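Here is the structure we will look at.
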Amino acid sequence: NAKQLSVAHDFELQSVKISGKYAEETREPRHLTIGAIQNVYHCDGDIQSQSVLQQKQYLHACMQPMIESAAECGVNVLCLQECWNMPFAFATREKHWTLEFAEYIDEDCAASISFSYIAEMAKQHRMCIISPMLERDTVRDTVHNTAVVFGDDGCMIGKHRKNHIPRIGDFNESTYYMEGDTGHPVFNLSAYHNAKIAVNICYGRHHPLNWMMFGLNGAEVVFNPSATTASLSEHLWNIEARNAAIANNYYTVAINRVGTEVFSKTPFTSGDGQAA
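Numbering (our numbering), first residue to last: 384 to 659.
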(Lines of atoms letter the chains of each structure in order from A; the text may use other names.)
(Lines give C-alpha, C1' and ligand atoms only; values in the text may rest on other atoms or scores of the structure.)
Protein backbone atom coordinates (compact mmCIF):
# COMPACT_ATOMS: atom_id res chain seq x y z
CA ASN A 384 0.00 0.00 0.00
CA ALA A 385 0.95 3.68 -0.11
CA LYS A 386 2.46 3.78 3.38
CA GLN A 387 4.59 0.71 2.75
CA LEU A 388 5.89 2.23 -0.48
CA SER A 389 6.84 5.46 1.31
CA VAL A 390 8.76 3.55 3.99
CA ALA A 391 10.47 1.22 1.54
CA HIS A 392 11.58 4.04 -0.76
CA ASP A 393 12.20 6.72 1.90
CA PHE A 394 9.75 9.44 0.97
CA GLU A 395 7.26 11.35 3.09
CA LEU A 396 3.54 10.84 2.56
CA GLN A 397 0.97 13.41 3.67
CA SER A 398 -2.72 13.93 3.05
CA VAL A 399 -5.35 16.54 3.77
CA LYS A 400 -9.08 16.68 3.16
CA ILE A 401 -10.83 19.85 2.04
CA SER A 402 -14.61 19.75 2.26
CA GLY A 403 -17.10 22.21 0.90
CA LYS A 404 -18.42 24.71 3.38
CA TYR A 405 -22.03 23.87 2.59
CA ALA A 406 -23.70 20.55 1.77
CA GLU A 407 -26.01 21.30 -1.14
CA GLU A 408 -29.39 19.62 -1.46
CA THR A 409 -29.95 19.87 -5.21
CA ARG A 410 -26.51 19.06 -6.61
CA GLU A 411 -24.29 16.05 -6.10
CA PRO A 412 -20.78 16.83 -4.78
CA ARG A 413 -17.91 16.67 -7.26
CA HIS A 414 -15.07 14.87 -5.53
CA LEU A 415 -11.53 15.21 -6.88
CA THR A 416 -8.46 13.63 -5.30
CA ILE A 417 -5.29 15.57 -6.09
CA GLY A 418 -1.67 14.55 -5.65
CA ALA A 419 1.53 16.61 -5.82
CA ILE A 420 5.11 15.30 -5.82
CA GLN A 421 8.20 17.14 -4.59
CA ASN A 422 11.26 14.96 -5.07
CA VAL A 423 14.93 15.36 -4.24
CA TYR A 424 17.36 15.02 -7.13
CA HIS A 425 20.08 12.64 -5.94
CA CYS A 426 22.96 11.75 -8.24
CA ASP A 427 25.95 9.57 -7.43
CA GLY A 428 29.13 11.34 -8.43
CA ASP A 429 29.40 14.33 -10.71
CA ILE A 430 26.14 14.77 -12.62
CA GLN A 431 28.08 15.57 -15.78
CA SER A 432 29.66 12.12 -15.64
CA GLN A 433 26.33 10.47 -16.33
CA SER A 434 24.61 10.52 -19.68
CA VAL A 435 21.31 12.27 -20.24
CA LEU A 436 19.65 8.92 -20.77
CA GLN A 437 21.08 7.51 -17.52
CA GLN A 438 19.89 10.51 -15.52
CA LYS A 439 16.39 10.26 -16.97
CA GLN A 440 16.21 6.53 -16.29
CA TYR A 441 17.37 7.15 -12.73
CA LEU A 442 14.65 9.74 -12.18
CA HIS A 443 12.02 7.47 -13.73
CA ALA A 444 12.98 4.79 -11.21
CA CYS A 445 12.81 7.33 -8.34
CA MET A 446 9.43 8.59 -9.49
CA GLN A 447 7.75 5.23 -10.00
CA PRO A 448 7.07 4.29 -6.35
CA MET A 449 5.75 7.81 -5.71
CA ILE A 450 3.36 7.55 -8.64
CA GLU A 451 2.32 4.07 -7.47
CA SER A 452 1.76 5.47 -3.98
CA ALA A 453 -0.46 8.22 -5.43
CA ALA A 454 -2.46 5.57 -7.27
CA GLU A 455 -2.87 3.56 -4.05
CA CYS A 456 -4.27 6.71 -2.44
CA GLY A 457 -6.87 7.02 -5.18
CA VAL A 458 -5.42 10.16 -6.73
CA ASN A 459 -7.29 11.40 -9.81
CA VAL A 460 -4.93 14.21 -10.84
CA LEU A 461 -1.20 14.09 -10.07
CA CYS A 462 1.23 16.94 -10.70
CA LEU A 463 5.01 16.52 -10.75
CA GLN A 464 7.53 19.26 -9.98
CA GLU A 465 9.00 21.67 -12.53
CA CYS A 466 11.38 19.92 -14.95
CA TRP A 467 11.15 16.77 -12.85
CA ASN A 468 13.18 14.59 -15.26
CA MET A 469 16.42 16.59 -15.08
CA PRO A 470 18.71 18.46 -12.67
CA PHE A 471 17.74 22.08 -12.17
CA ALA A 472 20.65 23.67 -14.02
CA PHE A 473 19.13 26.98 -15.12
CA ALA A 474 21.53 29.12 -13.09
CA THR A 475 24.78 27.60 -14.28
CA ARG A 476 25.34 29.17 -17.72
CA GLU A 477 26.11 25.64 -18.96
CA LYS A 478 23.13 25.45 -21.27
CA HIS A 479 24.28 23.13 -24.05
CA TRP A 480 24.18 19.82 -22.19
CA THR A 481 21.16 21.03 -20.21
CA LEU A 482 19.10 21.44 -23.37
CA GLU A 483 19.75 17.81 -24.27
CA PHE A 484 17.10 16.97 -21.68
CA ALA A 485 14.47 18.67 -23.85
CA GLU A 486 12.08 16.26 -25.55
CA TYR A 487 9.72 16.46 -28.48
CA ILE A 488 6.17 16.31 -27.19
CA ASP A 489 5.41 13.44 -29.50
CA GLU A 490 4.44 9.89 -28.52
CA ASP A 491 5.88 8.55 -31.77
CA CYS A 492 9.37 9.91 -31.05
CA ALA A 493 11.66 7.22 -29.61
CA ALA A 494 13.89 9.87 -27.98
CA SER A 495 10.98 11.27 -25.93
CA ILE A 496 11.37 8.68 -23.19
CA SER A 497 9.97 10.76 -20.31
CA PHE A 498 6.92 11.70 -22.39
CA SER A 499 6.30 8.03 -23.13
CA TYR A 500 7.02 6.99 -19.54
CA ILE A 501 4.45 9.35 -18.02
CA ALA A 502 1.90 8.45 -20.70
CA GLU A 503 2.28 4.81 -19.69
CA MET A 504 2.04 5.63 -15.97
CA ALA A 505 -1.16 7.61 -16.56
CA LYS A 506 -2.70 4.76 -18.53
CA GLN A 507 -1.55 2.04 -16.12
CA HIS A 508 -2.86 3.79 -13.01
CA ARG A 509 -5.90 5.40 -14.63
CA MET A 510 -5.07 8.91 -13.47
CA CYS A 511 -4.44 12.28 -15.06
CA ILE A 512 -0.76 13.26 -14.72
CA ILE A 513 0.74 16.72 -15.25
CA SER A 514 4.35 16.37 -16.40
CA PRO A 515 6.41 19.63 -16.41
CA MET A 516 9.45 19.18 -18.65
CA LEU A 517 11.64 20.88 -21.24
CA GLU A 518 10.08 20.71 -24.68
CA ARG A 519 11.80 21.04 -28.04
CA ASP A 520 9.40 22.33 -30.68
CA THR A 521 9.18 19.93 -33.62
CA VAL A 522 8.76 22.71 -36.20
CA ARG A 523 10.86 25.68 -35.07
CA ASP A 524 13.42 23.74 -32.99
CA THR A 525 12.89 26.18 -30.11
CA VAL A 526 12.90 25.08 -26.46
CA HIS A 527 10.11 25.76 -23.96
CA ASN A 528 9.43 25.04 -20.30
CA THR A 529 6.24 23.06 -20.75
CA ALA A 530 3.64 21.22 -18.68
CA VAL A 531 2.08 18.28 -20.51
CA VAL A 532 -1.33 17.09 -19.31
CA PHE A 533 -2.09 13.38 -19.80
CA GLY A 534 -5.55 11.90 -19.44
CA ASP A 535 -6.29 8.69 -17.54
CA ASP A 536 -6.07 6.80 -20.84
CA GLY A 537 -2.45 7.85 -21.33
CA CYS A 538 -3.28 10.25 -24.17
CA MET A 539 -2.14 13.86 -24.12
CA ILE A 540 -5.01 16.25 -23.38
CA GLY A 541 -2.90 19.32 -24.03
CA LYS A 542 0.09 21.37 -22.93
CA HIS A 543 0.97 24.78 -21.57
CA ARG A 544 4.24 26.59 -22.15
CA LYS A 545 5.64 28.81 -19.39
CA ASN A 546 4.79 32.35 -20.41
CA HIS A 547 6.82 34.41 -17.92
CA ILE A 548 10.61 33.95 -17.70
CA PRO A 549 12.82 35.35 -14.90
CA ARG A 550 15.62 37.73 -15.82
CA ILE A 551 17.15 38.57 -12.44
CA GLY A 552 20.83 39.42 -12.71
CA ASP A 553 22.70 36.24 -13.59
CA PHE A 554 19.57 34.18 -13.09
CA ASN A 555 18.34 34.51 -16.65
CA GLU A 556 16.30 31.57 -17.90
CA SER A 557 15.78 33.18 -21.31
CA THR A 558 19.18 31.80 -22.33
CA TYR A 559 17.69 28.29 -22.07
CA TYR A 560 14.16 28.54 -23.42
CA MET A 561 11.65 30.97 -24.93
CA GLU A 562 8.45 32.50 -23.61
CA GLY A 563 5.40 30.37 -24.19
CA ASP A 564 2.83 30.95 -26.91
CA THR A 565 -0.05 28.87 -25.56
CA GLY A 566 -1.89 31.63 -23.70
CA HIS A 567 -3.72 30.51 -20.55
CA PRO A 568 -5.30 27.15 -21.44
CA VAL A 569 -7.73 25.33 -19.18
CA PHE A 570 -8.08 21.56 -19.55
CA ASN A 571 -11.39 19.80 -19.07
CA LEU A 572 -11.16 16.39 -17.37
CA SER A 573 -14.27 14.59 -18.59
CA ALA A 574 -13.38 11.48 -16.57
CA TYR A 575 -13.55 13.45 -13.33
CA HIS A 576 -16.85 15.36 -13.27
CA ASN A 577 -15.55 17.71 -15.99
CA ALA A 578 -13.09 19.25 -13.54
CA LYS A 579 -11.28 22.19 -15.12
CA ILE A 580 -7.58 22.48 -14.36
CA ALA A 581 -4.73 24.78 -15.42
CA VAL A 582 -0.97 25.01 -14.85
CA ASN A 583 0.76 28.27 -13.93
CA ILE A 584 4.44 27.37 -14.26
CA CYS A 585 6.96 28.72 -11.73
CA TYR A 586 7.72 32.42 -12.30
CA GLY A 587 4.19 33.04 -13.54
CA ARG A 588 3.10 32.97 -9.90
CA HIS A 589 4.59 36.47 -9.41
CA HIS A 590 2.05 37.94 -11.83
CA PRO A 591 -1.47 38.34 -10.39
CA LEU A 592 -2.97 38.80 -13.86
CA ASN A 593 -1.47 35.47 -14.92
CA TRP A 594 -3.43 33.73 -12.16
CA MET A 595 -6.49 35.78 -13.04
CA MET A 596 -6.48 34.75 -16.71
CA PHE A 597 -6.68 31.06 -15.82
CA GLY A 598 -9.67 31.88 -13.63
CA LEU A 599 -11.37 33.90 -16.35
CA ASN A 600 -10.90 30.91 -18.66
CA GLY A 601 -12.79 28.73 -16.22
CA ALA A 602 -10.11 26.99 -14.14
CA GLU A 603 -11.29 25.40 -10.89
CA VAL A 604 -7.88 24.08 -9.82
CA VAL A 605 -4.59 25.74 -10.80
CA PHE A 606 -1.28 23.93 -10.27
CA ASN A 607 1.96 25.84 -9.77
CA PRO A 608 5.04 23.61 -10.22
CA SER A 609 8.11 25.70 -9.46
CA ALA A 610 11.76 25.72 -8.44
CA THR A 611 13.08 28.47 -6.21
CA THR A 612 15.61 28.96 -3.42
CA ALA A 613 15.89 30.90 -0.18
CA SER A 614 17.90 33.64 -1.90
CA LEU A 615 15.19 34.18 -4.53
CA SER A 616 11.56 33.61 -3.56
CA GLU A 617 11.43 30.72 -1.12
CA HIS A 618 9.42 33.00 1.16
CA LEU A 619 6.87 33.81 -1.54
CA TRP A 620 5.82 30.74 -3.51
CA ASN A 621 3.34 29.30 -1.01
CA ILE A 622 1.95 32.72 -0.06
CA GLU A 623 1.38 33.66 -3.71
CA ALA A 624 -0.57 30.47 -4.34
CA ARG A 625 -2.78 31.10 -1.30
CA ASN A 626 -3.42 34.68 -2.37
CA ALA A 627 -4.32 33.53 -5.88
CA ALA A 628 -6.83 31.03 -4.50
CA ILE A 629 -8.50 33.76 -2.45
CA ALA A 630 -8.49 36.37 -5.21
CA ASN A 631 -9.72 34.08 -7.99
CA ASN A 632 -12.08 31.77 -6.10
CA TYR A 633 -10.42 28.52 -7.15
CA TYR A 634 -8.12 25.94 -5.59
CA THR A 635 -4.35 26.16 -6.01
CA VAL A 636 -1.72 23.43 -5.68
CA ALA A 637 1.82 24.77 -5.20
CA ILE A 638 4.89 22.56 -5.64
CA ASN A 639 8.53 23.52 -5.12
CA ARG A 640 11.63 21.39 -5.70
CA VAL A 641 13.26 20.17 -2.49
CA GLY A 642 16.77 19.20 -1.43
CA THR A 643 20.18 20.54 -2.48
CA GLU A 644 21.37 20.17 -6.04
CA VAL A 645 25.08 20.36 -6.86
CA PHE A 646 26.61 21.21 -10.22
CA SER A 647 30.23 20.39 -11.07
CA LYS A 648 31.02 19.71 -7.38
CA THR A 649 30.13 23.29 -6.41
CA PRO A 650 26.83 25.08 -5.74
CA PHE A 651 25.15 26.86 -8.67
CA THR A 652 27.31 29.79 -9.76
CA SER A 653 27.09 32.82 -11.96
CA GLY A 654 29.28 33.44 -14.97
CA ASP A 655 31.86 35.17 -12.76
CA GLY A 656 32.13 32.14 -10.46
CA GLN A 657 30.25 33.81 -7.63
CA ALA A 658 27.07 32.53 -6.05
CA ALA A 659 24.08 32.83 -8.37
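Ideal Cβ placement from N, Cα and C applies to all residues, glycine included.
All values reported here derive from a predicted model rather than from experimental measurement.
Residue 571 is bridged by DSSP to 579.
Taking each of 480, 468, 512 and 391 in turn and checking the Cα distance to residue 496, the smallest one comes out for 468.
Annotation for residue 642: 423 place their beta carbon closer than 6 Å to its own, counting only its chain and skipping 5 residues before and after. Around the beta carbon of residue 513, 16 or more other beta carbons lie within 10 angstroms, which makes this residue buried. Pairing residue 639 with residue 412, the inter-Cα distance amounts to about 30 Å. Pairing residue 528 with residue 560 gives a Cβ-Cβ distance under 9 Å.
Taking all protein chains shown into account, residue 611 has 16 or more neighbouring C-beta atoms within 10 Å of its C-beta and is therefore buried. Scanning its chain for C-beta atoms nearer than 7 Å, with the 5 sequence neighbours on each side dropped, one finds around residue 587 the residues 545, 546, 547 and 593, in chain order.
Here DSSP, grouped into helix, strand and coil, assigns residue 419 to strand.
Checking the DSSP bridge columns, you'll see residue 634 partnered with 604. Rounded to whole angstroms, the Cβ separation of residue 466 and residue 419 is 15 Å, and the two are not in contact under 8 Å. Within the model, the alpha-carbon separation for residue 436 versus residue 408 is close to 54 Å.
Apart from the 5 residues on each side of it in sequence, residue 505 sits with its Cβ closer than 8 Å to the Cβ of 511, 512, 533, 534, 535, 536 and 537 in its chain, given in chain order. Counting along the chain, residue 448 sits inside the alpha helix (DSSP H) bounded by residues 435-455. For residue 542, the enclosing beta strand (DSSP E) begins and ends at 539-544. Residue 398 is positioned such that its CB atom lies closer than 9 Å to that of residue 456. For residue 628, the closest C-alpha among the options 442, 441, 416 and 598 is that of 598.
Counting along the chain, no beta strand (DSSP E) covers residue 432, and no H or E run does either. Taken through DSSP and simplified to helix, strand or coil, residue 463 comes out as coil. Cα atoms of residue 539 and residue 580: separation of roughly 14 Å, rounded to the nearest angstrom.
When secondary structure is reduced to three states using DSSP, residue 527 falls in the strand class. Within the same chain, and ignoring the five residues on either side of residue 562 in sequence, the residues whose Cβ sits closer than 7 Å to its Cβ are 546 and 548. Taking a C-beta distance under 9 Å as the contact criterion, residue 542 and residue 622 do not qualify as a contact pair.
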